[in-house]
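*Asks:* Sequence lines, in order, name chains A and B.
Quick note, the first sequence lines up with residues 1 to 197 if you use our numbering.
Quick note, the second sequence lines up with residues 198 to 422 if you use our numbering.
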Amino acid sequence: MQLNELVRSWLPEGGTVVDRTGSEHAWPPLMKVAESAPASDDALTAVALTAVGDLPADAVPGEVVLLLLPWPPHELPLGPLIQALVSAGLQATEAHPLADTNWGVAVICRRVDDAVQEIHSYLDRSRKPGPLTGRTLLRLVDEHIVEGLVRRTQELALEAVTAERDALRKQLAAINTTPPAASATEGEVLLSSDDLG
Amino acid sequence: MFYGYVGRVKIVDQLGANETIEHWDRRHRQLGALRSGGDAGYDEFSNEIFYAVRLGRLLDIIGDRTEYSAPLRILDAGCGKGWFAHSMARFGHAIDGIDVSEHAIDLCRANATGHSSFHLSPLADWQPPYLYDVVYSIDVLFHIMDDALWEASVLNLAAQVRLGGLLLVVDHESDVDRTWSFYQRTRALHRYQSLLEPVGLQVDRFVPYGFRGAPTGFLVLQRVF
Ligand SMILES: C[S@@+](CC[C@H](N)C(=O)[O-])C[C@H]1O[C@@H](n2cnc3c(N)ncnc32)[C@H](O)[C@@H]1O
């Protein structure tokens with residue numbers, strides 16, 4: 001996703017980007033750009049991080065924060081990042097890879113109050129947040145644990161498939177680079193049932 | 198085919214589960230690209246509009262955000278020849294399509310684009326090792342005549358939706374069940390509600406198709422626990 005596309009999907013025209021990125025980024029032309037938060041709902045505080053420790057600790061409950069992270073999505077320092085989000089009282093509501101900036105990832109978060117009693121909808125922002133209690137909390141934990149198990153085993157399965165594919169490619173390359181006169185014999189050896197398991 | 202009399206009143210013949218598969222596979226082989234999964238009472242041109250209108254409604258519900266490199270995961274349950282599923286893939290989402298018609302699934306695979314995969318499976322049996330952001334089923338559930346199978350299908354689709362995700366089922370906006378023909382049985386919306394609220398899906402709204410006075414539309418449910 002492009003950064004300004006994300007901003008435009010969050011803010012109406014005339015909304016305010018509170019720019020705390022320290023960058024020269026050109027925000028969408030129809031947005032106002034300010035240095036401090038206006039007293040309005042139509043604002044987004046953009047913060048660029050160079051390390052997870054830079055996370056804003058002064059966001060007020062309800063404030064929407066756009067975090068711009070320097071890492072590509074598959075290299076996010078996951079542990080420190082999540083720890084920092086929780087310490088700063090920020091509930092991530094969506095996260096996107098960025099296609100057009102030096103920042104690799106954008107995370108949209110909302111500062112929640114310390115009781116954290118609500119969960120913000122991630123598909124439909126027009127919906128009110130639901131209560132983060134009882135069964136909803138249970139569901140969140142259960143999804144987290146069980147999905148974690150599946151993901152871990154899938155990663156291993158993927159590694160095994162990739163290793164098998166690489167081995168086959170090597171065999172194929174060996175066959176293709178063998179001089180014609182010798183290829184029949186060596187090809188047979190390479191393709192014997194022993195080699196293919 | 199189920200067939201019987203109550204006194205001298207003939208009960209409408211109804212398709213059983215296997216006959217449903219044969220019926221749809223035959224229909225998909227015989228009818229054109231859109232009529233076979235759309236409204237066979239309209240020609241292909243009207244069906245083009247019918248499909249386009251519903252796609253617009255679907256987008257109003259799912260939203261217009263997309264992320265090809267980290268896509269939403271969507272299930273098209275009863276995808277037919279894949280018109281909606283292919284659109285979702287073109288929009289950048291990762292779509293799984295399932296259907297009981299082998300012919301339809303073969304066609305879907307032949308025309309597949311983007312992040313999409315298609316599988317021969319009844320609604321009640323599809324259980325992949327991941328959850329979906331959105332599960333939708335367009336004009337399918339009212340073709341399941343058997344109540345127990347309908348219930349199992351609805352519950353299984355619901356189980357695939359992640360927290361905060363959406364389940365969209367299509368039926369008539371009505372508070373009574375009604376059998377219309379051997380392959381059409383609509384259920385009252387409160388039946389979906391009473392089945393799904395205990396398992397964590399909350400009714401959000403009903404979005405009518407709004408096409409030529411059709412009483413059909415999307416019942417939108419969100420997983421809240
Ligand atoms: C009216 S068509 C709709 C197809 C598609 N959703 C569309 O709108 O183009 C109904 C589809 O439901 C499929 N179907 C019926 N019962 C099913 C079941 N129990 N499980 C999966 N698919 C089923 C049929 O094979 C058929 O493709």
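Yeah, the Cβ is synthetic: ideal placement off N, Cα and C, and Gly gets one too.
1. Determine contact between the region 252-259 of chain B and the region 310-327 of chain B, defined as no fewer than three beta-carbon pairs at a distance below 8 Å.
2. For a test of your reading of the model: does the CB of Cys-305 (chain B) fall under 7 Å from any non-hydrogen atom of ligand 1? Yes or no.
3. Spatial neighbours of Tyr-329 (chain B) within its chain, please: C-beta separation below 7 Å, excluding the five flanking residues on both sides.
4. Less than 8 Å between the C-beta atoms of Asp-19 (chain A) and Trp-10 (chain A), yes or no?
5. Skipping 5 residues on each side, what residues in its chain have a beta carbon closer than 7 Å to that of Tyr-406 (chain B)?
6. For Asp-54 (chain A), is the classification buried or exposed, using 16 other Cβ atoms within 10 angstroms of its Cβ as the cut-off for buried?
7. If you measure between the beta carbons of Thr-217 (chain B) and His-340 (chain B), is that distance less than 8 Å?
8. Just the chain B side, please: which residues come within less than 8 Å of Glu-143 (chain A) by C-beta, in chain order?
9. Thr-50 (chain A) and Val-64 (chain A) - do their beta-carbons sit closer together than 8 Å?
10. On the three-state DSSP scale, how would you describe Tyr-329 (chain B)?
11. Can you round the beta-carbon distance between Val-52 (chain A) and Pro-80 (chain A) to whole angstroms, since I take them to be within the 8 Å contact cut?
12. Examine ligand 1 and report whether any of its heavy atoms sits within less than 7 Å of the Cβ of Ser-36 (chain A).
13. State yes or no: is the C-beta of Leu-416 (chain B) within less than 8 Å of the C-beta of Val-366 (chain B)?
14. Applying a beta-carbon distance threshold of less than 7 Å, which residues of chain B neighbour Leu-140 (chain A)?
15. Would the beta-carbon of Val-332 (chain B) be found less than 7 Å away from any heavy atom of ligand 1?
16. Answer with yes or no whether the minimum CB distance from Phe-281 (chain B) to chain A is below 8 Å.
17. Output, in chain order, the set of chain A residues within a Cβ distance shorter than 8 Å of Ser-334 (chain B).
18. If I measure Cβ to Cβ from Glu-348 (chain B) and keep anything under 8 Å in the same chain, skipping five residues before and after, which residues do I get?
19. For Arg-152 (chain A), which residues in the same chain have their Cβ closer than 7 Å to its Cβ, ignoring the five residues on either side in sequence?
20. If the criterion is Cβ atoms closer than 8 Å, does the pair Ala-68 (chain A) and Thr-21 (chain A) meet it?
21. Nearest CA to the CA of Ala-309 (chain B): which residue from B:Gln-399, B:Gly-279, B:Trp-221 and B:Val-396?
22. Taking just the CA atoms, how far does Arg-287 (chain B) sit from Ala-307 (chain B)?
23. Enumerated in chain order, which unbroken segments of the alpha helix (DSSP H) with a length of 4 residues or greater are wholly contained in the region 113-145 of chain A?
24. Between B:His-312, B:Gly-238 and B:Thr-376, which has its C-alpha nearest Ala-291 (chain B)'s C-alpha?
25. Less than 8 Å between the CB atoms is what I'm expecting for Leu-98 (chain A) and Met-1 (chain A), so what's the real figure, rounded?
26. Closest to Glu-94 (chain A) by CA distance: which of A:Ser-121, A:Asp-113 and A:Trp-103 is it?
27. Against His-96 (chain A), what residues of chain B qualify as contacts under a CB-to-CB distance less than 7 Å, listed in chain order?
28. Indicate whether at least one CB of chain B lies closer than 8 Å to the CB of Gly-123 (chain A).
29. Any C-beta of chain B sitting closer than 8 Å to the C-beta of Thr-101 (chain A)?
30. Quick check: the Cα distance between Gly-229 (chain B) and Val-373 (chain B), rounded to an integer number of angstroms?
31. Please list, in chain order, the residues of the region 101-117 of chain A that have any C-beta partner in chain C closer than 8 Å.
32. Taking the alpha-carbon positions, what's the Phe-379 (chain B) to His-220 (chain B) distance?
33. Assuming contact is defined by CB atoms lying nearer than 8 Å, are Ala-274 (chain B) and Val-331 (chain B) in contact in what I supplied?
34. Please name the residue or residues paired with Ala-34 (chain A) in a DSSP beta bridge.
35. Hey, could you find the ends of the alpha helix (DSSP H) Trp-280 (chain B) is sitting in?
36. Between Arg-152 (chain A) and chain B, is there a C-beta pair that is closer than 8 Å?
*Replies:* Reading it off the structure:
1. no
2. no
3. Arg-270, Ile-271, Leu-272, Gln-357, Val-358, Arg-359 and Gly-362
4. no
5. Val-250, Arg-251, Arg-254, Thr-413 and Gly-414
6. The residue in question, Asp-54 (chain A), is exposed, as its Cβ has fewer than 16 Cβ neighbours within 10 Å.
7. yes
8. Leu-328, Arg-359 and Leu-360
9. Taking 8 Å as the Cβ cut-off, Val-64 (chain A) and Thr-50 (chain A) do not qualify as a contacting pair.
10. strand
11. 4 Å
12. no
13. Closer than 8 Å, so yes.
14. Leu-360
15. no
16. no
17. Residues of chain A passing the Cβ test: none, with the nearest at roughly 17 Å.
18. Leu-392
19. none
20. Checking the sequence, you will find Leu at residue 68 (chain A) rather than Ala. Here Leu-68 (chain A) is near Thr-21 (chain A), since their CB atoms are less than 8 Å apart.
21. B:Gly-279
22. Between the alpha carbons of Ala-307 (chain B) and Arg-287 (chain B) lies a gap of roughly 15 Å.
23. none
24. B:His-312
25. 6 Å
26. Looking from the CA of Glu-94 (chain A), the closest CA among A:Ser-121, A:Asp-113 and A:Trp-103 belongs to A:Ser-121.
27. Within chain B, the residues near His-96 (chain A) are Glu-264 and Ala-267.
28. Gly is not the amino acid found at residue 123 (chain A); the sequence shown has Leu there. True, the Cβ-Cβ gap to chain B drops below 8 Å.
29. no
30. 33 Å
31. Considering every chain present, this structure includes no chain C. Its protein chains are A and B.
32. 11 Å
33. Their beta carbons are not under 8 Å apart, which means Ala-274 (chain B) does not touch Val-331 (chain B) by this criterion.
34. A:Val-18
35. 280-287
36. no
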